[in-house]
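Mapping of the sequence shown onto my numbering: position 79 corresponds to residue 106, and the numbering continues sequentially without gaps.
All C-beta atoms, glycine included, are put in the ideal place defined by N, C-alpha and C.
Keep in mind the model is a prediction, meaning the values are calculated, not measured.
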Amino acid sequence: MLSKWISSMIKDKVVIITGASSGIGYATAIVLAKTGAKVAIGARRIDKLSKLENEIKENSGEVFSQKLDVTQKSDCDSFVDSVLKRWGTVDILVNNAGIMPLSFVKNLKVDEWEQMIDVNIKGVLYCTAAVIPHMREKKSGHIVNISSVAGRIVFPAGSVYCATKHAVTAFSEGLRQELSPRSNIRVSCIEPGVVSTELTNTITDESLQSFVDSTKKMQVLQAEDIANAILYVVDSPVHVNVNEVLVRPTTQER
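Laid out in structure tokens, this is it:
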């Protein structure tokens, strides 16, 4: 069930959410729109974005959507520019877009490695770069990066994926040290454990089928659980910077 929290802290704030066509991004857009935030949603799948946009509007929310491929810097710049032209500001960026085609390194799925680096790392960098000038100018803002428990713990078949999420976690902390004390820009890193999303659909390594099956037997987190964690982070008073939130299913050991 989606959050019923009503927040005054982020009412009328402008929030950009990447990877909003499904999973955590989709749920976050709905949860934050229900608080009164204006949500700008971006993803590659326009049909899914349209569904989300309609759902938000049906609940009297304010929403703007645009096709967004975070691996293209020009797309990221254009998306932010469109939001600024529409609403005049960007208060919160949720860098959510990500993929997880797990595989053993020995299987040399180099194309998938490159896709993960492009989406999981470069996408975060490009979108962050697009909002920083505006946030620095107004000396306020909040950047929320979606990492993973894999940003802390490495596991077999996750070498490259874990490397990308370690990068997101490290980037978040470096960004916080640079921007928070000097420009009043808060930075938060959300680290989900196993969540029921489409991430496992990107796994093509057939030797990992048993792993995929095992996650389906676990009582995993729902996307709304992470959306509520994001709401908690962005709804904190401006003098509070929640730097890291690690959320696992109760039954997940590592």
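- Y53 is not a Cβ neighbour of K100, given a cutoff of 7 Å.
- Across the set N255, A254 and F238, the C-alpha of F238 shows the shortest separation from the C-alpha of L129.
- Per DSSP, the continuous alpha helix (DSSP H) segment holding G201 begins and ends at S186 to S210.
- Proximity to D138 across Q93, D104, V187 and V90 peaks at V187, based on C-alpha coordinates.
- For Q249, there is no enclosing beta strand (DSSP E), as DSSP marks it with neither H nor E.
- Exclusion of the five residues before and after Q93 leaves G69, F106 and S109 as the residues of its chain whose Cβ lies within less than 7 Å of its Cβ.
- Here the region 191 to 203 lies against the region 212 to 225, with 3 or more beta-carbon pairs under 8 Å apart.
- At a Cβ-Cβ threshold of 7 Å, A157 and C103 count as neighbours.
- Listed as beta-bridge partners of K94 by DSSP are A70.
- Straight across, the Cα-Cα distance linking K38 with V58 is about 12 Å.
- V221 is positioned such that its CB atom lies closer than 7 Å to that of P276.
- Across the structure, T229 and I44 are spaced so that their CA atoms are roughly 21 Å apart.
- With a threshold of 16 other beta carbon atoms within 10 Å, T231 falls short and is exposed.
- Restricting attention to beta strand (DSSP E) runs no shorter than 3 residues, the region 94 to 160 encloses them at 119 to 122, ordered along the chain.
- Of the candidates M245, S223 and P264, S223 places its Cα closest to the Cα of A254.
- With respect to the 7 Å criterion, A64 and L79 are not classified as neighbours on the basis of their beta carbons.
- The DSSP-derived three-state label of G88 is coil.
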